[in-house]
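Notes follow once the structure below has been shown.
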Amino acid sequence: MTPPAPPRPWVLAGATALALVVGGLAVVATTPAEAATVGAGSYTTTPVGPLPSGCGQLATNPRQFVTADAPAGAVPTNDWWSSLLFKRTDCAFSEPLHAHPLSYDTFTDGLGFSANSTPAISGTATGVGEFHYPYVQDIRVGVAGLAAPVVRVAGWSDWTVTPYWSDGARTLRATVGHGLPFAYFQATGGDAVISTTGTPTVWSNSGATIGFTVNGHDYVGYAPTGASWTVSGGRITSNLAGRGYFSIALLPTTPQTGAAERAGLATTFGTYAHAHVTGTRLSYAYTPASGTVTTTYAFTTTPREGTATRTVVSLYPHQWKSLTGSTPIAQSYPSARGRMKVLTGVGEFRTAMTFHGVLPELPAVGDGSGADLETLRGQLAAVRGNPMDQRGGDTYWTGKGLGRAARIAEVADLVGDTATRDAALNAIRSTLTDWFTAPAGKTARVFYYDQNWGTLIGYPASYGSDQELNDHHFHYGYFVAAAATLAKFDPRWAADDQYGGMVDLLIRDADNYDRADSRFPYLRDFDIYAGHDWASGHGSFGAGNNQESSSEGMNFANALIQWGQVTGDTAVRDAGVFLWTTQAAAIQEYWFDVSDRNFPAAFGHSTVGMVWGDGGAYATWFSAEPEMIQGINLLPVTGGHLYLGHHPAYVRANYAELVRNNNGPPTVWQDILWQFQALGDGDAALANLRANPGYTPEEGESRAHTFHWIRNLAALGTVDTSVRADHPLAAVFTRNGARTYVAANPSPSPLTVTFSTGTTLVVPAGRTATTGAYTWSGGSAGGGVPPTTPPPTTPPPTTPPPTTPPPTTPPPGTPDSPVRYLLPGGGLAAAGGAATATVAGANGANHDGTPNNPQVFTATGLDLTYAGGQTAFDLFLDAGTAVGNGVQLRISYDLTGDGGWERVETYRYFATDPVPGYERYTQQAGLHSATGALGNLVDGRVRVEVWSAIGTNPSTLGIGDRSVVRLPYS
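FYI, in mature numbering (1 follows the signal peptide of the UniProt record, and there is no 0) the residues of the sequence shown are -35 to -1, 1 to 935.
Shown next as C-alpha cells:
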C-alpha cells in the first residue's frame, strides 16, 4: 500500500463517444452517462468519485506534461520515472529518478547525475531501519543559458524515458533508462555544458572525448567527431562541432582501478557512445514442456555517427544470475539492488528462468488422523455463514474478503464439504456480479473507465487507488483470483458473454498484457527491467517509487495464471507466468536478499518491508511491529505463493529474525507468520498453531485455511525446486527424502502431468492429484465439482453446460446422437419440454453405491462407435429446504442388447444444500466404483439410475430440457 494524498479539486471529463474491444467483444459507450457493457457485465463512463489528480489540469489532461510528439495511447503510470509526467509535488520538474546504475534529477538548466555508492543507514538492526543511496549530485548536464520553466516527457519505451527542456531559444532532449550507463543528449541553441560538483579531476581530454572524476566517480563525455571539450574550473563545455548530439557515460571503476584500465574502458564504451538507445522492448515466452520462461531484453539504437548499432548495459542480480548466451565483463556497478554486471556490444540479452509451478491450493493430505479432519470440518462449518467476513466496502477490503472466500471454497472442496464450498462460491459470485454491473445511477461497488488516463478505477476506492492510481494490482488481484476459483465450478459465469470480459478488463488495467490494446498502458504496474511491481501511481518521492507488499503483487500474477488456465486463455496465463517467475526472482534478491549480497552489510536485517527506488526499509506505511513489517510480504497465503518456500533455510532465518526483533514469538498476524514458517519447518509451525488455539486471525484469513495449510505442509515437507513439470498447476514437495508430486486439473478432461524426474501423474478432470500421500477425504486429493446453484443473474441453462461442448453432428437427441436427455416416462433421448421427477428419500438409511427405489431412464437400439474418454453428465437437483440429502447416479452399458451389462459406472453421491434452487451434479464428483470396459454399441442399451443415497426427504430432478448424459461415443 502507498499513503493517500490529500484530495485535490477535480474536473469531469468532456463527453466523447468511444468504441472499445474487450477480448473480441464489442464494447460501446455512446455518452458518458451510459454504462458500457461487457457481456453481461458493465462499467460506467461517468465519474462517480475523485479522479487522478496533480499539478494544473492533470486530472482531465494527463498529457499536460507530455510533448506533442510523444507516443500516443494511454500514458504510463507506476514507473520509476513517473514523477516526470504525473507531477504532484514538483509541478515544474520531477523528484529524483533512480534508474541504476545512475540516478537523475531534473532542473531548469538540465539533467543532474548521481552515482552515489555510499548508503545512508538509519534505525537499528532489531527495529525499524532503512538504507538508501540518496541522490547526491556529481554533475549537471545542459545547454549554455538554458532556463526551461518546466520539463516535459518527449518519449518512453519499456524501460527508458526521454525528458525534454525548452525555454524558447534552447532545447535539450535526454534519454535515460534502467541499466544504461549512458545518458544520450540532443541539444540546440547553445554549447553543451557539464557542471561538476567542485573541480573535476580530468584524466583524459583528447578531441571529442573527455574523461574526468567527480566525488570518486569516473565519467566520460563523448562529443561528435571534430568537436572538443574545454575545461574551466567546474565547467566543461563543447560546441559539439555544430552537430547537436553527445553522450555521457559512467564507467564501472573503483578506487583501485588503474589509469590504463580506466582508459581502456573509456575506449570500449566509446565504440558505442554514438549509437544512441532510442527504444527498449521486452518479449517473453513460457514453454510448458520444459517449465521455462525465456525473456528477451532488446535495445533499438540510432547511430548519430559511424555504424555501431550495439550498446553497453548493466544487469540487476535477478538478471545476471539467469543470463543465457552472454558473458558479462569483469567490471560491475554498485547499486541499491546490489552489484550490476556489465555487458558490452549488445543489441539484446536473454534470461532463462525455471517456473516452479503454482497450485489452486495445497492438496488435502495427512497421516490418517481423523481428529484433524474433524477439526478442519468444524472450522469450515464455522465460517459457512460468513465466508467473506468483509471488513470494508472499498476495492481493497472487498478484495480481501473475496480472497478469504476463495481459500475457503478451495479447501472445502478438497475435503468434500460442499455446503461450505457452495456458500463461499455463492458469496464470490454475488459480490463479483454486483461490482461487475453498473446500471444508471449506481455510484458504489462499480468500476469507472477514465478515457483520459486509460484506467479502470473501482469505487469506493482506497489507499489512493483513485487520485493516485496506487495499488491496482494489489486490489484487483484478489478479484481476479476469486473469479478464477469461481470459474472452475461455474464456467458459464466466466464466459465472455457473461462476466469474463469484466475480469479481463481488470487484468488489462493493472498489467495490460496486450501491446495492441491502447486503452491501457502496457504492463502498468510492472517495472519490466527491475523485475517487480511499483505501487505508487506517481512515484513522487525523493527516494523514488516504492512497493511494500510484494506478495500481493504476486497474488495478482498468480491470479492471471489461474484465470488463464481455467478459462483456456493462454495469453493471460503466459503473462501471469512471466510476471510470477520474474518477480519471484526479484523478491528473493531485493526483499529477502537470500544470498546475503545485496543489502549493505551495516543494515543488519535479512528482509525489508518496503523496496524504494534508492534502497529499502524494514518498515511499513502503517505499522512498526515486526510481525507486520515482515508479514506484509507474506500475505495472502495461497497455492500461488509457494515461491516463499523456495529457500527453506532462509524461511527459518527470516522467522528467527522476527522472533528476535519482536522479543518473542509473534502476537499479531500469527496465522500468516506460522503459514510462512511451515514452508521451512512444518512441524514447528504446527506445534505453534496447536499451542495457540485462541489466536486472532488476520483480516483476510480463516482458521480453516490456516489449519489446512500448516497441517498439510507438515505432511508434505518443503518445496522441491529441483523438479519441474510440463503443466503450470503443479508442484513437488520433499519430506525426509521422499517426494510428493502434486498437480491440479481444472479442465473437463483427464490430464497426464510429466515431471522432469520422469514421474507421471494422471489427474482426473476438475481434480487435484498427488502421489504417495494419504488423503483426508478418503478419495482423490482434489475437488472441482460444479456449483450447487446456477448464477443468480441468469436462469439455469436449458442446454448442456460449456465444459464439454456438444457435437455439431448429428444433432443432440437424434437416434445416432451420444447426447441424451432424461425424459418423463423414463426415456433417454432428444430434449423435450421442461419437466420434473421426484427422487424418493432414503428414509434415513444409507444406500451409498446401491440403487434404492431409483428413477430409471433407458435408451435402446443404439449403434454408436466408442470414441474413448469417459461418461459425462449434468443433473439438475433441488432438495428444497431439506437437510442431509445426497443423490447418486449409476450408468450401465449393455453393448449388444443381450441383457448383460458390460460396463457399470457408479458415481459418488452429491450432497445437496437446503437452499431452494437447482444444483448441478456432474461426473466431476468422481467414480465410486466401476466394472467392465466400454466398447462399440451394436443394437445396444444404456440405463441411467438416480436415487437417494442418504437423507430422509425427497429431491426434485429437473428433466426434459435440463438433465443430460453425454455418452463417450461418436
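C-beta atoms are modelled at their ideal positions from N, C-alpha and C, and glycine is treated no differently.
This structure is a prediction, so every number in the text was calculated from the model and none was measured.
Paired residues, beta bridge with residue i - DSSP
i, result
"M305", "Y298"
"F401", "None; F401 has no bridge partner."
"N710", "R732"
"L793", "L787"
"P268", "A240"
"F412", "G423"
"P128", "V118"
"E313", "A263"
"Q527", "None, per the DSSP bridge assignment."
"N511", "W577"
"residue 969", "Outside the modelled stretch of the chain, which goes from -35 to 935, sits residue 969, for which no answer is possible."
"R704", "T699"
Delimiting residues of the alpha helix (DSSP H) encompassing residue i
i, result
"Y443", "H437 to F454"
"D625", "Correcting the residue type first, residue 625 is Arg in the shown sequence and not Asp. Looking at the DSSP string, the run of the alpha helix (DSSP H) that includes R625 is P613 to N626."
"H283", "P282 to W285"
"E554", "T535 to Y555"
"A679", "R668 to L681"
"P591", "P591 to G596"
"D476", "G466 to D476"
"G814", "Run containing G814: none; DSSP gives neither H nor E here."
"D337", "G335 to V348"
"Q635", "Q635 to A643"
"L488", "First-last for L488: undefined, no H or E at that position."
"L234", "The identity of residue 234 in the sequence shown is Phe, whereas the question assumes Leu. Run containing F234: A224 to G235, per the alpha helix (DSSP H) assignment."
Three-way DSSP call (helix, strand, coil) for residue i in this model
i, result
"Q29", "coil"
"I915", "strand"
"I201", "strand"
"P(-29)", "Note that P(-29) scores 27 on pLDDT, short of 50, meaning its location in the model is unreliable; the coordinates nonetheless yield the value given after this. Coil."
"I493", "coil"
"V3", "strand"
"R386", "helix"
"S395", "helix"
"W168", "strand"
"G38", "coil"
"T846", "coil"
"Y660", "coil"
"L62", "strand"
"Y608", "helix"
"T(-6)", "Residue placement at T(-6) is flagged as unreliable, the pLDDT there being 35, under the threshold of 50; the coordinate-derived value follows with that caveat. Note: T(-6) maps to coil in three-state DSSP."
"M519", "helix"
"G14", "coil"
"P761", "Any reading at P761 must be qualified, since the residue scores a pLDDT of 30, below 50, and its modelled position is unreliable; the value itself is stated next. DSSP places P761 in coil when its eight states are reduced to three."
"G826", "strand"
Cβ shell of residue i (< 6 Å), same chain only, five flanking positions each side left out
i, result
"T73", "A112 and A113"
"P352", "A370, I373, A388, A389 and A392"
"P254", "Sequence check: residue 254 is Ala here, not Pro. So the qualifying residues of the chain are D691."
"G310", "R275"
"L599", "S516, I637 and F641"
Cβ shell of residue i (< 8 Å), same chain only, five flanking positions each side left out
i, result
"G368", "Y443, A446, A447, N520, P601, T603 and G665"
Any C-beta of chain C under 8 Å from that of residue i
i, result
"Q416", "Looking at the structure shown, chain C is missing, and only one protein chain is on hand."
First through last residue of the beta strand (DSSP E) which encompasses residue i
i, result
"A650", "Looking at the DSSP string, A650 is not in any beta strand (DSSP E); the run it does join, the alpha helix (DSSP H), is G647 to A656."
"L379", "Counting along the chain, L379 falls outside any beta strand (DSSP E), though it belongs to the alpha helix (DSSP H) covering T360 to L379."
"H503", "H503 -> no beta strand (DSSP E), and no H or E assigned at all."
Neighbourhood of residue i by C-beta distance below 7 Å, restricted to the same chain and skipping five residues each side
i, result
"L848", "Before going on, a small fix: residue 848 reads as Val here, not Leu. Taken in chain order, the residues that qualify are P879."
"G865", "D859"
"G335", "none"
"Q463", "G4, A5 and R457"
"V13", "T408, V411, Y413 and Y424"
"A426", "G14, D359 and T360"
"P752", "Here P752 scores only 35 on pLDDT, less than 50, and its place in the model should not be relied on; the value that follows carries that caveat. So the list reads D387, L390, F454, D455 and R885, once near-sequence residues are dropped."
"W617", "Checking the sequence shown, residue 617 turns out to be Arg, not Trp. So the qualifying residues of the chain are G645 and D646."
Is the stretch 845 to 857 touching the stretch 901 to 910, taking contact as three or more C-beta pairs under 8 Å? Of all C-beta pairs linking the stretch 845 to 857 to the stretch 901 to 910, three or more are shorter than 8 Å, placing the two stretches in contact.
Is the number of C-beta pairs between the stretch 148 to 157 and the stretch 165 to 181 that are closer than 8 Å three or more? Contact between the stretch 148 to 157 and the stretch 165 to 181 is absent: fewer than three C-beta pairs spanning the two stretches fall below 8 Å.
Taking one C-beta from the stretch 313 to 329 and one from the stretch 707 to 715 each time, how about it: are there three or more such pairs within less than 8 Å? They touch, by the three-pair rule.
Taking contact to mean 3 or more Cβ pairs, one atom from each stretch, closer than 8 Å, check whether the stretch 229 to 249 and the stretch 300 to 314 are in contact. Short answer: they touch.
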